[in-house]
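A short write-up of the structure that comes next.
In the working numbering, the protein residues as written are 293 to 555.
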């Protein structure tokens with residue numbers, strides 16, 4: 293059976309599972325681990341097929357979620373960035389007794405643009421899939437550059453993301469295509485209306501992949517959730533603005549803990 297790469301850091305009572313985005317791995321969180329490890333036991337995960345979680349093929353969102361849940365502690369908070377936000381969201385929906393709270397970062401319940409919904413144009417995602425077969429490394433690097441575009445630290449942040457990819461095993465083209473297929477097809481907008489756990493959504497105003505107007509649309513659709521837009525961040529606010537990101541995360545977790553009845 294294939295294993296998911298999983299690293300646990302810290303010994304705090306509160307558990308936080310961190311899920312990365314498409315093409316990357318858990319090393320994206322290294323910059324904020326020192327700020328969070330005194331508050332949480334952190335669970336750093338390479339999604340199946342990505343980074344050190346080798347040997348997996350393309351997966352559906354459901355299969356990927358189930359694989360991660362099988363290793364996760366009970367009643368943890370789940371934080372998912374981009375594609376990882378879809379995995380964390382589905383985990384909260386399918387296993388509400390296992391997920392104590394949900395935080396999504398630069399993520400959308402529906403990444404693909406629809407008639408009434410802003411997002412990534414389907415032809416753009418299809419173009420990435422076609423380019424992967426020809427030069428998948430260059431295609432991944434181009435995708436990483438899009439994630440930091442417009443921020444004051446764009447060059448530094450893009451270089452950091454690139455290093456994260458290059459210092460760990462690269463996903464196969466099959467796995468990368470599978471991830472893009474999830475981004476093309478997934479739509480959790482209606483399902484998440486029923487979510488009962490504390491729910492925080494974090495966005496970057498300069499994000500070119502998840503338009504900031506999504507935040508307002510989901511405020512109306514999911515009135516029980518909270519949202520925050522970082523004004524000078526793009527698709528990776530935890531890299532460009534780590535202090536503000538961690539401060540917002542900790543404040544939400546404290547509020548969530550106050551609302552949760554004692555066991």
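Think of the CB as a built atom: it goes at the ideal place given N, C-alpha and C, for glycine as much as any other residue.
Note that the structure is predicted; figures quoted are calculated from it, not measured.
Query	Result
Beta-carbon contacts of residue 536 that lie in its chain and below 8 Å, excluding the five residues immediately before and after	522 and 529
Proximity below 7 Å, CB of residue 484 to CB of residue 401	yes
Between the CA atoms of residue 365 and residue 395 - distance to the nearest angstrom	16 Å
Spatial distance of residue 328 from residue 302 (CA atoms)	9 Å
C-alpha distance - residue 466 paired with residue 353, whole-angstrom precision	15 Å
Where residue 409 falls: helix, strand or coil (DSSP)	strand
Touching by the beta-carbon criterion (3+ pairs, under 8 Å), the stretch 378-393 and the stretch 508-515	no
Validate contact between the stretch 440-449 and the stretch 310-318 using beta carbons, cut 8 Å, 3 pairs	no
7 Å Cβ cutoff met for residue 363 and residue 296	yes
Same chain, Cβ closer than 7 Å to residue 346, neighbours up to 5 away in sequence not counted	461
Proximity of residue 335 and residue 300 at Cβ, strictly below 7 Å	yes
Residue 309 versus residue 369: straight-line alpha-carbon distance, rounded	6 Å
Given residue 438 as reference, the closest of 496, 337, 349 and 507 once Cα atoms are compared	496
Assigned secondary structure, residue 518 (DSSP; H/G/I helix, E/B strand, else coil)	strand
Residue 373 (DSSP reduced to helix, strand or coil)	strand
Where residue 419 sits in the DSSP three-state scheme	helix
Whole-angstrom distance between residue 385 and residue 418, CA atom to CA atom	28 Å
Residue 405 versus residue 498: straight-line alpha-carbon distance, rounded	18 Å
Chain-order list of residues whose beta-carbon lies under 7 Å from that of residue 399 (same chain, five-residue window excluded)	372, 373, 374, 377, 378 and 502
For residue 493, three-class secondary structure by DSSP	strand
DSSP state of residue 335 mapped onto helix, strand, coil	strand
Local conformation of residue 392 per DSSP, three classes	strand
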